[in-house]
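Asker: Chains as they are written, first to last, in this note's numbering: chain Y, 1 to 389; chain B, 390 to 590.
After the structure tokens below, expect a handful of questions from me.
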Amino acid sequence: MQYLNLEEINYIDEKFSKISKQFGFKKIFPKSVSSMEASIDYYKNTKSSLVKIIDFEGEVNILHEDPTISLFDSKILNEKIYYLTNTFSWDKSIENLKGGVENFCEESVIADAEIIIIANELLKNLNLDDFTIEIGHTHFIEKLLNSDGISRSEKIRLNNAIHNKNIQKIEKILNELDISNENKNALIVLSKLFGDYESILKNATELNISELKPIIDYLTKLKKILLIYKIDIKKLKIDLSLTNKYSYYDGMIFNSYIRDYGKKILQGGRYNNNDKQGVGFSFNILNLIGVIKMTNYNLAKNDYTVITNSSNNEKALYLATALRENGLNVNLMENELEYDVIKNINSAFILSIQNDLVNIISKNTNEVYKKSYNEFIEGINSTKLESIH
Amino acid sequence: MTLKIAVSKGRVYEDFLSLLKSSGYRFKDEKTRKLVIKDLDNSINLIIVKAIDVPLYVNNAFADLGIVGKDIIDEFDDLFYELLNLEIGVCDLCIASMKNSKIKEMDYLKIATKYPKQANEYLKFKKLNGEVIKLNGSVELGPLINISDCILDIVETGNTLKENGLEVNEHFKKIYSKVIANKVSYKTKTDIITEFINKIS
Chain Y
1 MQYLNLEEIN YIDEKFSKIS KQFGFKKIFP KSVSSMEASI DYYKNTKSSL VKIIDFEGEV
61 NILHEDPTIS LFDSKILNEK IYYLTNTFSW DKSIENLKGG VENFCEESVI ADAEIIIIAN
121 ELLKNLNLDD FTIEIGHTHF IEKLLNSDGI SRSEKIRLNN AIHNKNIQKI EKILNELDIS
181 NENKNALIVL SKLFGDYESI LKNATELNIS ELKPIIDYLT KLKKILLIYK IDIKKLKIDL
241 SLTNKYSYYD GMIFNSYIRD YGKKILQGGR YNNNDKQGVG FSFNILNLIG VIKMTNYNLA
301 KNDYTVITNS SNNEKALYLA TALRENGLNV NLMENELEYD VIKNINSAFI LSIQNDLVNI
361 ISKNTNEVYK KSYNEFIEGI NSTKLESIH
Chain B
390 MTLKIAVSKG RVYEDFLSLL KSSGYRFKDE KTRKLVIKDL DNSINLIIVK AIDVPLYVNN
450 AFADLGIVGK DIIDEFDDLF YELLNLEIGV CDLCIASMKN SKIKEMDYLK IATKYPKQAN
510 EYLKFKKLNG EVIKLNGSVE LGPLINISDC ILDIVETGNT LKENGLEVNE HFKKIYSKVI
570 ANKVSYKTKT DIITEFINKI S
């Protein structure tokens, strides 16, 4: 890609900024470069994809792949911030654009719930109705794997098998281990513990393992707060074997995804690293734009395209002028009203004139309707914009 | 709702089709050269692709599930869920070299292979120094024209090795096909994927 469409990015930025500000977050611009020494520990699982630069003195620096890590190196404490920034990785397209929020605060279920609600509001405001937020907890697997009788290498093998939901492999590894049957069963059940919030919470409680009780209590409290925020409980899921590629997460973690889009669209959670504690989430803006386009929602919702040909130039010019005078953006296009032309237009409404009628095509709803030309112009000039459609 | 399944073409596809039929799925046009095959109840769509492309179809959500050998899966990191092992496409991933070559005595080993990640794992596992030469086909040529000391490749009957004067030195790992799933599809289509897995297992 040679350039990014700034209008599409602004569309997301506007919605994201409005919601973040409502919750008392302030906008910052995280730095992209840090010394490799200061950050490398946080990139344990992704260090081969880091973009590195060497300065004149031979010092190796990295261009951040994850803006949260660049903030670990800053003086921010007890602050609520949000950002939109460039990120870098050799893994995919080298340069990317990410947005995110962070609340640098001590452990608090209220702060965790607030972050989940901001993610929920963002996706709702982007009209992505079919999204799901899936919540997990890093301590859940850790507690079960900390039983006596599991060596470090077996822990890694088991963790990978649980992460991949490879039940046959989990069973095979567990059969070789000298741990209690109670913990063996819990580890097998664990990889199947995902789905509706209420039922998974109930299943996890029924495992009746004392070490897991604090996590179950936490998830119960979290649900209670999210319900006060009027979250749609059907959109909330739990996956107790959820993991994250970044090793700094410590506690609640969450992902969001949408049906038929095979990647996560948002991810976050709680971290606790030396002097930096907090909770946050981030999203890849280009992925989000891709999802919005996939759901056929037009990003340029205030824009009009007026298609004109030689037979109706004059009326088309009057129409375009009237719309612009009322603060709307209008692209006047000399062309025929054909499928191939309409398909490639990126405006919310396409207008064309046929004798004394205006044909109106809504790209958002795919509806087509007609109005009298005079009535349409009158509607615009009397600023009753809703009356023109 | 239809389940999209990317299947590795060739023997794996044929064996998988037999498994589907014995599990109750019915097909009309499976013997054609079509690249997308639907069952009669329209509950599954099989997309026939090259083995190496199966993980890409699944990871990018062009398919919900994939049927592919462990040899291919182990070249990718953590991109999908591995739901079920199948007793099809069973063979071995082996180290082979020219007859009478003394690769066991070598302290620096050059391996030609289609599986660079696993070849590096082999060197690490054996605590050997060496290098891995990635070839996309006719791997047996490696030792024949002195590109490498040995090869790491899948061996079914061993006939190709024999015809080229090579022999198996070591069985590195057992290979079989697996059902893999796109991580989001597994969460958003849990019921139909679970029903499918229960039917074929």
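For every residue, glycine included, the Cβ atom is placed at its ideal position computed from N, Cα and C.
In this text the structure is predicted, and so the values were computed from the model without any measurement.
Within the same chain, show all residues whose beta-carbon is closer than 7 angstroms to that of B/Asn535, passing over the 5 residues directly before and after it, in chain order.
Answerer: Nothing listed; no residue qualifies.
Asker: Kindly indicate which three-state DSSP category Y/His64 falls into: helix, strand or coil?
Answerer: Correct three-state label for Y/His64: coil.
Asker: Span of the alpha helix (DSSP H) holding Y/Ser153?
Answerer: Looking at the DSSP string, the run of the alpha helix (DSSP H) that includes Y/Ser153 is 152-163.
Asker: The beta strand (DSSP E) spanning Y/Ile307 covers which residue range?
Answerer: That run of the beta strand (DSSP E) goes 303-308.
Asker: Would you kindly check if the distance between the Cβ of B/Ser486 and the Cβ of B/Asp538 is under 8 angstroms?
Answerer: Yes; because the gap between Cβ atoms is below 8 angstroms, this pair is in contact.
Asker: Is the beta carbon of Y/Lys98 less than 8 angstroms from the beta carbon of Y/Asn284?
Answerer: Yes.
Asker: On the premise that Y/Glu65 lies in contact with Y/Phe88, defined as a C-beta separation below 8 angstroms, what is that separation, rounded to the nearest angstrom?
Answerer: About 6 angstroms separates the two Cβ atoms, so the contact holds.
Asker: Taking C-beta pairs closer than 8 angstroms, name the residues in chain B that Y/Tyr271 reaches, listed in chain order.
Answerer: None at all; the shortest Cβ gap to chain B is about 21 angstroms.
Asker: Going by the CB atoms, is the gap between B/Gly519 and B/Ile543 shorter than 8 angstroms?
Answerer: Taking 8 angstroms as the Cβ cut-off, B/Ile543 and B/Gly519 do not qualify as a contacting pair.
Asker: May I have the straight-line CA-CA distance separating B/Leu552 from B/Glu529, to the nearest angstrom?
Answerer: Residue identity differs from the one stated: residue 552 of chain B is Glu in this sequence, not Leu. Rounded to whole angstroms, B/Glu552 to B/Glu529 spans 10 angstroms at the Cα level.
Asker: Determine the closest residue to B/Ile477 out of B/Ile484, B/Tyr402, B/Phe451, B/Asp496, with distance taken between C-alpha atoms.
Answerer: With distances taken between Cα atoms, B/Ile477 lies closest to B/Tyr402.
Asker: Could you tell me whether the region 139-150 of chain Y touches the region 183-195 of chain Y, where touching means 3 or more Cβ pairs closer than 8 angstroms?
Answerer: With a cut-off of 8 angstroms, the region 183-195 of chain Y and the region 139-150 of chain Y count as touching, because enough Cβ pairs lie within range.
Asker: Which residue from Y/Asn208, Y/Asn203, Y/Ile94, Y/Ile28 puts its Cα closest to that of Y/Leu50?
Answerer: It is Y/Ile94.
Asker: Quick check: does the Cβ of B/Val396 come within less than 7 angstroms of any heavy atom belonging to the ligand FAD?
Answerer: Looking for the ligand FAD in the displayed structure turns up nothing, as the structure carries no ligands at all.
Asker: Can you say whether Y/Thr365 is buried or exposed, counting buried as having 16 or more other CB atoms within 10 angstroms of its CB?
Answerer: Per the 10 Å Cβ criterion, exposed.
Asker: Quick check on Y/Asn208: buried or exposed, where buried means 16 or more other Cβ atoms within 10 Å of its Cβ?
Answerer: Per the 10 Å Cβ criterion, exposed.
Asker: Is B/Asn525 buried or exposed, if buried means 16 or more other CB atoms sit within 10 Å of its CB?
Answerer: Label assigned to B/Asn525: exposed.
Asker: One question on the structure: do Y/Tyr248 and Y/Asn287 come within less than 8 angstroms of each other, judged by their Cβ atoms?
Answerer: No, they are not a contact pair.
Asker: Would you report the Cα separation of Y/Gly58 and Y/Ser39, rounded to the nearest angstrom?
Answerer: Looking at the two C-alpha atoms, the distance is approximately 17 angstroms.
Asker: Spatial neighbours of Y/Ser241 within its chain, please: CB distance less than 6 angstroms, with the 5 preceding and 5 following residues excluded, ordered by chain position.
Answerer: These residues qualify, in order along the chain: Ile162, Leu190, Ser191.
Asker: In chain B, what lies closer than 9 angstroms to Y/Glu134 by C-beta?
Answerer: Chain B residues near Y/Glu134: Lys576.
Asker: What is the DSSP secondary structure of B/Val438, reduced to helix, strand or coil?
Answerer: Residue state, collapsed to three classes: strand.
Asker: Does the beta carbon of B/Glu471 sit closer than 8 angstroms to a beta carbon anywhere in chain Y?
Answerer: At least one chain Y Cβ lies under 8 angstroms of B/Glu471.
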